[in-house]
Structure formats: structure tokens, C-alpha cells
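Right, one structure below, let's go through it.
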Amino acid sequence: MERLLDEQAQQTLSIIVQGRHEGLRQAIVEAAERAIERRAVTNAADLLPPPAQERLAGDKAVARHAADVHALRKTGIKAIEPMQEAAFVRFSRKARRADEGGRMRALPLAGAAAMEIDRDDLAQLPEALPQALAVFANRRVPVPPRMRATALPPEVAQRATHAWGIEASGALASWGAFEARGQGARVAVLDTGVEPSHPDLAGKVAGFAEFDARGRLVAQGVDAAWDADGHGTHVCGTIAGGRASGRWIGMAPECKLLVAKVLGKAGGTDEQILKGMEWAVAEGADVINMSLGGLSFEPSVLDTYTSALIAARQAGIPCVVSVGNEGAQTSGSPGNDYFALAVGAMDVNDRVAAFSAGRTQIVEESEAIAPRNLPLVYSKPDLGAPGVQVYSCIGRQRWEHLNGTSMAAPHVAGAIAVLLSRTPQAKKGAALLKLAGWDRSDTLIQLIVGSVVDRGENGPDHRFGHGKLALLPAFGHAIDRGYLPKG
11 MERLLDEQAQ QTLSIIVQGR HEGLRQAIVE AAERAIERRA VTNAADLLPP
61 PAQERLAGDK AVARHAADVH ALRKTGIKAI EPMQEAAFVR FSRKARRADE
111 GGRMRALPLA GAAAMEIDRD DLAQLPEALP QALAVFANRR VPVPPRMRAT
161 ALPPEVAQRA THAWGIEASG ALASWGAFEA RGQGARVAVL DTGVEPSHPD
211 LAGKVAGFAE FDARGRLVAQ GVDAAWDADG HGTHVCGTIA GGRASGRWIG
261 MAPECKLLVA KVLGKAGGTD EQILKGMEWA VAEGADVINM SLGGLSFEPS
311 VLDTYTSALI AARQAGIPCV VSVGNEGAQT SGSPGNDYFA LAVGAMDVND
361 RVAAFSAGRT QIVEESEAIA PRNLPLVYSK PDLGAPGVQV YSCIGRQRWE
411 HLNGTSMAAP HVAGAIAVLL SRTPQAKKGA ALLKLAGWDR SDTLIQLIVG
461 SVVDRGENGP DHRFGHGKLA LLPAFGHAID RGYLPKG
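Take the sequence shown: its letter number 75 is residue 85 in this note's numbering, and every next letter is one higher.
The following block contains the structure:
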């Protein structure tokens with residue numbers, strides 16, 4: 011509670027209350043156990059998935075996803091309901107003054123709820139609301155700064171046919187070797203919005219939703235899409251952009267985009283972003299990209315986004331998150347969450363950018379982790395990707411080179427979309443396309459992280475993570491282990 015009070019000086023506090031429900035708690039504990047087993051390894055290749063086994067017929071995977079999402083929502087609602095009915099919530103000072111009846115705004119995917127509370131009531135909350143597992147500040151999350159690249163080295167400037175990142179990451183080679191360009195994949199982008207009429211994104215935005223600071227849906231449909239800053243359009247271009255400028259800019263130019271506008275010019279809130287995650291999961295995204303976050307030095311397991319990240323993973327959806335731009339020994343939330351696939355920024359010469367965040371975290375106590383696994387030590391980011399002098403589209407029909415871990419994350423989200431390409435060969439029976447739930451999200455993350463090219467110190471570290479994104483080896487491992495067909 012002291013940390014929460016320190017983070018917000020005003021009398022009325024905006025908070026997110028994590029519900030306590032056995033089903034939700036057990037899911038968090040099990041997720042932590044799965045992750046801890048893998049983090050014990052030092053060689054990235056040891057993270058690769060086991061040989062594939064047929065688990066579901068392809069036509070049942072969609073039904074399985076719908077069932078998973080329904081079950082997750084049901085569990086989340088069960089965690090929230092006792093809190094909504096609590097007398098403390100109905101009769102808090104804030105509720106009485108505003109005549110709000112203590113309404114909490116439900117976040118079912120996370121099994122949490124947002125509310126405003128009087129500062130003087132906060133100290134009573136743990137005793138008066140035993141249904142709460144944890145309480146977090148509902149922070150303001152800033153729009154990542156636009157860091158323009160100025161002097162471009164020849165290795166970047168002289169690439170006339172494609173952005174350097176799609177070659178360095180292995181996307182270009184994967185297009186040629188496997189005809190995999192993201193066909194049929196759906197990538198959700200939680201950001202400042204998108205300019206769907208940009209020539210590099212025309213026809214690629216399949217869904218759009220806009221949420222306000224209180225998580226309310228205020229607009230939806232592609233016709234309502236817009237970008238408050240240009241940041242989201244740049245991110246979308248790195249995932250799905252074409253070559254309208256004469257250069258290929260997107261990792262997966264044949265994928266579709268589902269865009270949730272969760273940030274405005276003044277930023278957004280944690281509640282807003284959590285609602286965007288909920289929408290993306292319900293819309294059937296294959297992967298979620300979150301090039302956003304706020305500086306956070308003391309993540310725990312359980313943190314603001316933990317339950318939502320786990321729920322997305324349970325639905326088969328990895329969440330790719332930028333780690334932040336404050337430099338070494340810092341990290342941003344949700345990128346530093348234990349269950350996020352966090353990405354740092356590298357330049358054309360495989361060096362980590364000076365601005366790229368990274369930190370080794372030590373968790374001393376947690377309800378989600380068995381005592382035998384404490385203290386838990388882990389480093390973020392998980393891997394590095396091109397994030398310096400990245401060429402992509404921005405608003406007003408333009409293109410620009412930008413720097414940031416925001417630019418690195420979409421290379422990884424796009425790489426996952428390429429792995430999930432519904433090529434003619436893959437549609438004949440690729441095991442990767444038949445997976446659902448944890449099996450699916452774990453396999454995708456293991457293929458991506460297990461295939462990196464090690465850089466920096468031997469094993470994972472807080473600058474390079476496990477190493478540099480390498481999509482072509484990921485395809486090789488997927489084929490060798492039976493997840494994708496040969497030839």
C-alpha cells in the first residue's frame with residue numbers, strides 16, 4: 011500500500027484490484043511453475059519445444075479458442091463478483107461523495123476491476139476487502155517518445171529495396187525459402203491507433219476498437235480507425251507493411267491487423283490497455299503486440315498485467331512487449347512482467363542500443379510462486395530485435411526512420427505471424443496450426459527464443475536477453491520437430 015500511496019499524490023486514487031478466486035490463483039501458480047522450469051536453462055537452444063504431437067484437428071482449433079476465451083472470462087467474472095458486492099466498495103467515501111454506489115469497472119480477462127477510492131480508505135482495503143488478492147495503481151502510461159533517426163549509416167541508407175530489419179531478422183529469407191509472408195495470421199496491435207488509408211497498410215486492417223481512459227469502448231470498425239500520434243502506424247508498418255515507398259517494410263506483409271487504440275496524445279491508463287488486451291483475445295488474434303509501457307523498477311509476480319498476460323497465453327496468444335527506452339538497469343511495465351515476451355532494441359551492427367532498457371529482477375515474496383522457487387531471479391528483455399533506424403510508415407502518408415524498443419517489438423510479433431503463415435503446404439496439416447491454448451503459445455515462444463543468435467554474455471543477460479531474433483533457424487527447428495511440413 012505504501013508504494014501505491016507514493017505513486018499517486020492526489021486525494022482520489024485510481025486503482026486496479028486483483029480478484030481472489032481459486033481458479034485464477036491456481037492458473038497463476040501453474041503458469042509460474044511452467045515458466046520457472048524453462049528459465050533454469052542457460053543455453054537458448056534448450057528452450058526449444060519438444061517434438062510435435064497431434065493434439066487437435068485443425069478445424070477444432072477455432073472452437074477450442076472460443077471455449078478457452080469463454081472459460082477465461084467466466085473465471086475472471088467469478089473473481090470480480092465478490093468484490094463488487096462488498097459493503098466496503100459500496101460505502102467508501104468516494105462512492106458516497108459521487109453517489110456512484112461503489113461501482114467497479116470489470117476487467118474479466120484479468121479477473122480484476124478498476125475503481126476510484128479515497129486516499130483515506132486505502133489503508134482499510136486489505137481487511138475490508140479480503141476478496142482482493144492484490145491492489146495496483148491504475149497508472150497513466152505515456153506515449154513512447156518519437157526518437158527520430160538522423161544520420162544513417164550506409165548499411166541502413168543504401169538498402170533501396172527493403173528495410174534493414176526484415177533482412178537482419180530472417181524474414182526476407184523465410185519469404186523466399188518457405189513462401190511464408192503471414193498469410194492468414196492476425197496480429198493485434200495495442201497502440202495510438204492506425205492510419206488504415208496509408209498506402210502501405212491499405213486493406214490490411216481487419217478490425218479496430220478505441221477505448222477511453224476508463225476502458226469504455228468509444229468507437230469500433232475500420233471506418234472509425236485513426237492514429238493520434240503516428241506511433242501506432244509505424245508499428246503496424248513494421249508488422250504488415252508493403253512496399254508502397256519502393257522498399258519492403260513489413261515482416262509479414264500478408265497478415266491482417268487488429269488495432270486497439272489504447273493511447274492518445276496524452277497516453278493512456280493501465281485499465282485502457284487491459285481492455286484492449288481483452289478485445290484482442292476475443293477477436294481471435296494470433297499474437298498481441300504492445301509497444302508501450304511505463305517505467306517500473308519493482309515488478310512482482312503478481313503485477314498489474316500478470317493475470318491478463320497469463321490469460322492470453324492460456325488462449326494460445328503470446329504477448330510481445332517492448333522493454334522500454336530508459337537504458338540499462340531500468341525496465342518498463344508490462345515489458346518486465348515475468349509472462350511478457352519482452353524485446354530490446356539492436357542496431358544494424360548487432361549492438362544493443364544505449365536507450366534499450368534491461369534489468370535483472372529479484373522476486374523475494376509471491377503468492378504465485380512456491381517457496382522452493384524463491385527468491386526468483388530473472389532478466390528482461392527475453393531477446394533483441396532491430397530497433398534502431400527502423401524505416402516504416404507514419405501518419406499523413408509518410409515514412410520515417412525511428413528508434414526505440416517500440417520498433418523492435420513488432421519485428422518479433424511479425425516473426426510469429428510469419429511462422430503461422432497459412433501457406434499451401436502448412437494448410438495440408440501443419441501441427442503448429444493445430445495447436446491451441448498453452449501448447450500453442452508455449453510452442454511459438456519456444457521456437458522464437460530458442461532460435462536466437464547468442465550475443466553478449468554466454469546465456470541470457472539483461473541487455474541482449476537470450477540473443478538476437480533469427481526467424482530462419484526458427485523455421486528449421488519447427489520443421490525438424492514436426493511442427494511445420496518439409497518442403
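All residues carry an ideal CB built from backbone N, CA and C; glycine is no exception.
Report task. Put residue 265 into one of helix, strand or coil per three-state DSSP. Result -> Within the sequence shown, the letter at position 255 stands for residue 265. Three-state result, residue 265: coil.
Query raised in the report: Nearest to residue 365 by CA position, among 495, 334 and 60, is which residue?
Result: Locating residue 365 in the sequence shown gives position 355, counting from the first residue. Among 495, 334 and 60, the Cα nearest to that of residue 365 is on 334.
Query raised in the report: Distance, Cα to Cα, residue 178 vs residue 358?
Result: Taking the sequence shown and counting its residues from 1, the one referred to as residue 178 is at position 168. Taking the sequence shown and counting its residues from 1, the one referred to as residue 358 is at position 348. Answer to the nearest angstrom: the Cα atoms are 8 angstroms apart.
Report task. Starting from the Cα of residue 257, find the closest Cα among 273, 394, 294 and 174 and give me that residue. Result -> The residue given as residue 257 occupies position 247 in the sequence shown. Of 273, 394, 294 and 174, the residue nearest in Cα terms is 174.
Report task. Can you grab the Cα-Cα spacing for the pair residue 194 / residue 296, in whole Å? Result -> As a position in the sequence shown, residue 194 is number 184, starting the count at 1. As a position in the sequence shown, residue 296 is number 286, starting the count at 1. The alpha-carbon atoms of residue 194 and residue 296 are separated by roughly 10 angstroms.
Query - Reduced DSSP category for residue 111 - H, G, I as helix; E, B as strand; rest coil - result: Counted from its first residue, the sequence shown places residue 111 at position 101. In this prediction, residue 111 scores a pLDDT of 42, lower than 50, which makes its location untrustworthy; no coordinate-derived value is stated.
Query raised in the report: Does DSSP classify residue 488 as helix, strand or coil?
Result: The residue you call residue 488 lines up with position 478 of the sequence shown. DSSP places residue 488 in helix when its eight states are reduced to three.
Query raised in the report: Considering residue 371, what are the terminal residues of the beta strand (DSSP E) in which it resides?
Result: For this step, residue 371 is matched to residue 361 along the sequence shown. 369-373 is the extent of the beta strand (DSSP E) around residue 371.
**Report entry** Alpha-carbon spacing of residue 382 relative to residue 42, whole angstroms
**Finding:** Here the question's residue 382 lines up with position 372 in the sequence shown. Here the question's residue 42 lines up with position 32 in the sequence shown. Cα to Cα, the separation comes out at about 12 angstroms.
Query raised in the report: Does the separation of the CB atoms of residue 36 and residue 121 fall below 8 angstroms?
Result: The sequence position of residue 36 within the sequence shown is 26, counting from 1. The sequence position of residue 121 within the sequence shown is 111, counting from 1. Not closer than 8 angstroms, so no.
Report task. In the DSSP assignment, find the unbroken alpha helix (DSSP H) run with residue 452 in it and report its ends. Result -> What you label residue 452 is simply residue 442 of the sequence shown in a count that begins at 1. Taken as a continuous stretch (DSSP letters only), the alpha helix (DSSP H) holding residue 452 covers 447-460.
Query - Residues near residue 21 by beta carbon distance below 6 angstroms, same chain, minus five either side - result: Taking the sequence shown and counting its residues from 1, one reaches residue 21 at position 11. Same-chain partners within the cutoff: 129.
**Report entry** Uninterrupted alpha helix (DSSP H) stretches inside the region 276-313 (no shorter than 4 residues)
**Finding:** 280-292
Query raised in the report: For residue 98 versus residue 138, is the C-beta distance shorter than 8 angstroms?
Result: Position 88 of the sequence shown holds residue 98. Position 128 of the sequence shown holds residue 138. Yes, they are a contact pair.
Query raised in the report: What does a CB cutoff of less than 7 angstroms around residue 30 pick up in its chain, not counting 5 residues either side in sequence?
Result: Translated into positions along the sequence shown, residue 30 becomes position 20. Contacts found: 89, 141, 142 and 143.
Query raised in the report: What residues are listed by DSSP as bridge partners for residue 125?
Result: Numbered from 1 along the sequence shown, position 115 holds the residue referred to as residue 125. DSSP, once it has assigned bridges, lists 25 as partnering residue 125.
Query raised in the report: Over what stretch of residues does the alpha helix (DSSP H) that includes residue 324 continue unbroken?
Result: Here residue 324 refers to the residue found at position 314 when the sequence shown is read from its first residue. Note, residue 324: alpha helix (DSSP H), 316-324.
Query raised in the report: On the premise that residue 115 lies in contact with residue 281, defined as a C-beta separation below 8 angstroms, what is that separation, rounded to the nearest angstrom?
Result: By 1-based counting over the sequence shown, the position of residue 281 is 271. By 1-based counting over the sequence shown, the position of residue 115 is 105. At roughly 7 angstroms, the Cβ-Cβ gap stays under 8 angstroms, so residue 281 and residue 115 are in contact.
Report task. State the beta-bridge partners of residue 411 as determined by DSSP. Result -> Mapped onto the sequence shown, residue 411 falls at position 401. Bridge partners of residue 411: 401.
Requested in this report: Could you tell me the distance, in whole angstroms, from the CA atom of residue 163 to the CA atom of residue 327?
Outcome: Numbered from 1 along the sequence shown, position 153 holds the residue referred to as residue 163. Numbered from 1 along the sequence shown, position 317 holds the residue referred to as residue 327. If you take the alpha carbons of residue 163 and residue 327, they lie about 37 angstroms apart.
Query raised in the report: Ends of the beta strand (DSSP E) at residue 221?
Result: The count along the sequence shown starts at 1 and reaches residue 221 at position 211. Looking at the DSSP string, the run of the beta strand (DSSP E) that includes residue 221 is 215-221.
Query raised in the report: What residues match up with residue 185 in a beta bridge as DSSP calls it?
Result: In the sequence shown, residue 185 corresponds to position 175, counting from 1. For residue 185, which the question treats as bridged, DSSP gives no partner whatsoever.
Requested in this report: Determine, using beta-carbon pairs with one atom in the region 420-427 and one in the region 237-255, whether at least three such pairs fall under 8 angstroms.
Outcome: yes
Query - residue 233, DSSP secondary structure in three states - result: Translated into the one-based positions of the sequence shown, residue 233 becomes position 223. The answer is helix: DSSP assigns residue 233 an H, G or I state.
Report task. With a 10 Å radius around its C-beta and 16 neighbouring C-beta atoms as the bar for buried, classify residue 225 as buried or exposed. Result -> Here residue 225 refers to the residue found at position 215 when the sequence shown is read from its first residue. The residue in question, residue 225, is buried, as its Cβ has 16 or more Cβ neighbours within 10 Å.
Query raised in the report: How big is the Cα-Cα spacing for residue 431 and residue 153?
Result: By 1-based counting over the sequence shown, the position of residue 431 is 421. By 1-based counting over the sequence shown, the position of residue 153 is 143. Each residue's Cα considered, the two are about 31 angstroms apart.
Query raised in the report: Among the residues of its own chain, which have a CB less than 8 angstroms from the CB of residue 60, if the five just before and after it don't count?
Result: Stepping through the sequence shown from its first residue, residue 60 is reached at position 50. Within the same chain, residue 60 has close Cβ partners 491.
Report task. Taking all protein chains shown into account, decide if residue 339 is buried (16 or more other Cβ within 10 angstroms of its Cβ) or exposed. Result -> In the sequence shown, counting from the first residue as 1, residue 339 sits at position 329. By the neighbour-count rule (16 or more Cβ atoms within 10 Å), residue 339 is not buried but exposed.
Query raised in the report: Got a sec? Which residues, its chain only, sit under 6 angstroms from residue 472 by beta carbon, not counting five neighbours each side?
Result: Counting from 1 along the sequence shown, the entry for residue 472 is found at position 462. Scanning its chain for C-beta atoms nearer than 6 angstroms, with the 5 sequence neighbours on each side dropped, one finds around residue 472 the residues 368, 369, 370 and 389, in chain order.
Query - Cutoff 7 angstroms; reference residue 82; Cβ partners in own chain excluding five residues on either side - result: On the sequence shown, residue 82 is found 72 positions in, with the first residue counted as 1. Hits under 7 angstroms: 119, 321, 324 and 325.
Query raised in the report: Sorted by chain position, which residues of the same chain lie with C-beta nearer than 6 angstroms to residue 315's C-beta, five sequence neighbours on each side aside?
Result: For the purposes of this step, residue 315 is identified with residue 305 of the sequence shown, where counting begins at 1. In the same chain as residue 315, and ignoring 5 residues on each side of it, the C-beta atoms closer than 6 angstroms to its own belong to 344 and 347, in chain order.
Query raised in the report: Should residue 455 be labelled buried (16 or more other beta-carbon atoms within 10 Å of its own) or exposed?
Result: As a working mapping, residue 455 is identified with position 445 in the sequence shown. Buried: at least 16 other Cβ atoms inside 10 Å.
Query raised in the report: Are residue 201 and residue 273 touching if we call contact CB-CB under 8 angstroms?
Result: As a first step, residue 201 must be located in the sequence shown, where it is residue number 191. As a first step, residue 273 must be located in the sequence shown, where it is residue number 263. Cβ distance < 8 angstroms, so residue 201 and residue 273 count as in contact.
Report task. Might you give, ordered along the chain, the residues of its own chain that have their beta carbon closer than 7 angstroms to the beta carbon of residue 150, omitting 5 neighbours on each side? Result -> Residue mapping note: residue 150 aligns to position 140 of the sequence shown, counting from 1. Cβ within range, chain order: 277 and 279.
Query - Exposed unless 16 or more other CB atoms sit within 10 angstroms - verdict on residue 148 - result: Here residue 148 corresponds to residue number 138 of the sequence shown, with the count starting at 1. So residue 148 ends up on the buried side.
Query - Residues that residue 157 bridges to, as DSSP identifies them - result: Position 147 of the sequence shown, counted from the first residue, corresponds to residue 157. Answer is 413.
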